[in-house]
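In the working numbering, the protein residues as written are 1 to 436.
Below is the structure:
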């Protein structure tokens, strides 16, 4: 079952426990052309989600009875508006990293903003980009916050999030039909279920079709439940002419003809199509709507059971949530990092830690990656998914940051035939390839 998450609004409150217990579904009609208030609300919601999660972390929970000896066992967040009148000394601040002018940085929260000095900053894991939420440690000198250390807000397991927000349904009515323990039992019994993820499936390239044929030959004896194909589906963006539209439609018709040559796959596997920014759609804005049905006219005649979904897309398999996003993540995050990342950690781990810590798929400046403000909630990673598939042109990788969350990139199917094979019952994600 594939659904979009419900949009929620957060009521502001001085007590974090009150904030996260008062989530409600938004009743306003959503639009791709949102008002200015929607932009403010999108950033406010991002901030409050991370703040509430941070204040549940053991390091930021004050002991019930504080003594002199125990007063240093926890950290206390300081709001920016309180920095100017606070006593001197080291402070912990959560805020949005901004760059109003080249080389000038500020940190912002819901109470105000302040200039920061990053010249002597020690970095931890992650890509620190303009537009991401960071936890900084330092002190104020002459109205400038001198940052000694910068880090990503600590992550939280999906189980801990659901326990804290037990009354919130994150995935729609399906999650209410059975209790979690029963769903997990059914999940573990489905040992024969597998999902295949591919990216850069350029249907106008002969080598891609040859690799797909090899892939289908390998799976014909034991078809997977899902084939998730991420774009772009042609090597050049669709133009405005009728010839381009007909050619684009023909590519999916040819794919259906290829699939039908393998009866077991055609009958038992479900195909899901996730668009890239260059696939048909309006502008290069996130989240990306599904490819219009008109382009699947020929495909539908032969294989009526398919799903053209949005980018990002979410798949529910019993108790697991799988999120698929198609963007050149590694290139964009490295390009917009304002600090050199730690060299002791590989880039894939930096990227995975950044996105899970942000609980958002696009912690980038809007000038680089525009977002439909009313639909910013569709980019949230909250709670953390069981599997986050970052369909990227970057080389294949698999990162396991927590026991129940994995971040993986299937790589470019066009370049080297790489793909991911996922077994939900065991939560095993296997990097694979077609060696045509």
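The beta carbon of each residue, even a glycine, is placed where N, CA and C say it ideally should be.
- In this model, residue 60 and residue 283 are separated by some 42 Å (Cα to Cα).
- Rounded to whole angstroms, the gap between the alpha carbons of residue 150 and residue 201 is 38 Å.
- In the DSSP assignment, residue 332 falls within the unbroken alpha helix (DSSP H) covering 329 to 335.
- When only Cα atoms are considered, residue 106 and residue 398 end up about 34 Å apart.
- Under DSSP, residue 117 shares a beta bridge with 146.
- The beta-carbon separation of residue 252 and residue 309, rounded to 15 Å, does not stay under the 8 Å limit for a contact.
- Between residue 361 and residue 121, the beta carbon gap of about 26 Å keeps them out of contact (Cβ cut-off 8 Å).
- In its chain, beyond the 5 residues on either side, 232 and 237 have a beta carbon closer than 6 Å to the beta carbon of residue 278.
- In the displayed model, residue 263 falls within a helix according to three-state DSSP.
- Around residue 396, the same chain offers 409, 410, 411, 418 and 431 as residues with beta carbons nearer than 7 Å, after the five sequence neighbours per side are excluded.
- In the structure shown, the three-state DSSP call for residue 137 is strand.
- Within the same chain, and ignoring the five residues on either side of residue 138 in sequence, the residues whose Cβ sits closer than 6 Å to its Cβ are 145, 146, 147 and 148.
- Residue 286 has 371 as its beta-bridge partners, per DSSP.
- By the beta-carbon neighbour count (other beta carbons within 10 angstroms, threshold 16), residue 156 is buried.
- At a Cβ-Cβ threshold of 8 Å, residue 183 and residue 318 count as neighbours.
- By the neighbour-count criterion, in which 16 or more other beta carbons inside 10 Å mark a residue as buried, residue 42 falls on the buried side.
- Pairwise C-beta distances place the region 342 to 349 out of contact with the region 358 to 373, as fewer than three of them are shorter than 8 Å.
- Pairwise C-beta distances place the region 220 to 228 in contact with the region 189 to 203, as three or more of them are shorter than 8 Å.
- The beta carbon of residue 131 lies closer than 6 Å to those of 363, 364 and 365 in the same chain, with the five residues before and after it left out.
- Checking the DSSP bridge columns, you'll see residue 406 partnered with 387 and 400.
- As computed with DSSP, residue 428 is found in a beta bridge with 423.
- With fewer than 16 neighbouring CB atoms inside 10 Å of its own CB, residue 294 falls in the exposed class.
- Restricted to the region 50 to 109, the beta strand (DSSP E) segments that are unbroken, complete and at least 3 residues in length are 91 to 101 and 104 to 109, listed in chain order.
- Taking 8 Å as the cut-off, the beta carbon of residue 335 is found no closer than this to the beta carbon of residue 311.
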